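Down below is the structure, laid out as structure tokens.
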Amino acid sequence: MDTFLKEARMSTYKIHPIVMGTKIFDKSMMTYQHGNGEKYTIPIYCWYIEGTGDNDKKILIDTGEMSPIQSKEREEAIGGKIYTFEQGLDKWGLKPEDIDIIIHTHLHNDHCENDYKCINAEIYVHEKELANIHDPHALDYRYLEDYIEEVEENGQLKVLKGDREILPDISGIPGIQCLHTPVHTDGGLTIIINTALGKAVITGFCVINENFNPPIEIKAMEMEVIPPGTHVNVYESYDIMLEIKEMADILLPLHEPEFASKDTIG
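Right, dumping it as structure tokens:
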């Protein structure tokens, strides 16, 4: 990851978080061994990355749920509106066929259910995610290959083996980069996006702000971060999270409700 820790000039990218689903579960699904018994609602985001000038590609990070539950109760719980895929894109004057690039943090179903609608998109995934969605472990029911079979057959998948620059910014400094971060899944990709406000980092693993900013009782145990409730290796997850926290000017935990009310970041 060290090759990507460069000082970045001002970039042209802006990040638009769009809620395209929710889940309600025990908070400890986000915060490992903490928050047990606490009911918690998370937003499921599709992040629209908007570029200007020479960087005018229409880019999405994940594509959310196909049929999200849109209810007043869930919107109140996350503090923002819940959209269908088409509604969310329309907010920014887009249609699914306008999308040029999709980058997947991972291939659990709630992050890729609308891929097939984006018929013109190149879709970046890590090779371990592709292997897992075709042959998942019995414990990981969230991999459903039905959602990627069509785009795979169409030749839309671009399979990554490790860290990768996707698009440079107009100055030649990396504008969008993927880092392999096996925290929540084997092939998780954390996305680094250079913005006018600094280096924004969308985590490739399912966490909230509290994972990176633990309450005092967790800090008293000399823990600087809380690993996600579901993980590949909890010790490695902890160490990777410390690296991610250090490199980010703007840290965007993948399921943090705070962003549900924001139109634009960066």
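Per the working numbering, residue 261 is the first one in the sequence shown, and the count goes up by one each step. Glycine is no exception: its CB is placed at the ideal position from the N, C-alpha and C atoms. As the structure is a computational prediction, the values presented were derived from the model and not from experiment.
> How do the segment 484-497 and the segment 438-448 stand: do at least 3 beta-carbon pairs fall below 8 Å, yes or no?
Replying inline: With the cut-off at 8 Å, the segment 484-497 and the segment 438-448 touch.
>> My output table needs one value for alanine 508: the three-state DSSP class, helix, strand or coil.
In response: Of the three classes helix, strand and coil, the one that applies to alanine 508 here is coil, per DSSP.
> Just the Cα atoms here: how many angstroms apart are glutamate 412 and methionine 280?
Replying inline: When only Cα atoms are considered, glutamate 412 and methionine 280 end up about 23 Å apart.
> Which same chain residues, not among the five before or five after aspartate 262, have their C-beta less than 7 Å away from its C-beta?
Replying inline: Low confidence applies here, because aspartate 262 scores a pLDDT of 46, under 50, leaving its location unreliable; read the following figure in that light. In the same chain as aspartate 262, and ignoring 5 residues on each side of it, no C-beta atom comes closer than 7 Å to its own.
>> Once the 5 residues before and after lysine 522 are set aside, which same chain residues still bring their CB inside 7 Å of it?
In response: Sequence-distant partners of lysine 522 (beyond 5 residues in either direction) whose C-beta falls short of 7 Å from its own C-beta, in its chain, are Pro277.
> Taking the C-alpha atoms as reference points, what is the distance between aspartate 423 and tyrosine 384?
Replying inline: If you take the alpha carbons of aspartate 423 and tyrosine 384, they lie about 12 Å apart.
> What is the C-beta distance between asparagine 369 and leucine 404, in whole angstroms, given that I count them as a contact (C-beta under 8 Å)?
Replying inline: 5 Å between Cβ atoms; contact.
> How would you label phenylalanine 519, buried or exposed, when you count the other beta carbons within 10 angstroms and need 16 or more for buried?
Replying inline: Buried.
> Which runs of the beta strand (DSSP E), 3 residues or longer, sit entirely within the segment 372-399?
Replying inline: If one requires a minimum length of 3 residues, the beta strand (DSSP E) runs lying completely within the segment 372-399 are 382-386, in chain order.
> Which partner residues does lysine 459 have in the DSSP bridge list?
Replying inline: Checking the DSSP bridge columns, you'll see lysine 459 partnered with Asn454.
> Along the chain, which unbroken stretches of the beta strand (DSSP E) at least 3 residues long are found entirely within the segment 310-374?
Replying inline: Inside the segment 310-374, DSSP marks whole beta strand (DSSP E) runs of 3 or more residues at positions 318-321 and 361-363, from first to last along the chain.
>> Quick check on aspartate 375: buried or exposed, where buried means 16 or more other Cβ atoms within 10 Å of its Cβ?
In response: Aspartate 375 should be labelled buried.
>> Quick check on the burial criterion: 16 or more other C-beta atoms within 10 angstroms. Buried or exposed for tyrosine 401?
In response: Burial call: exposed.
>> Quick check: what's the CA-CA separation for lysine 377 versus glutamate 357?
In response: Distance between lysine 377 and glutamate 357, taken at the CA atoms: about 7 Å.
> beta strand (DSSP E) containing valine 419: first to last residue?
Replying inline: That run of the beta strand (DSSP E) goes 417-420.
> Taking DSSP as the reference, what is the three-state secondary structure of lysine 287?
Replying inline: In the structure shown, lysine 287 adopts helical secondary structure according to DSSP, grouped into three states.
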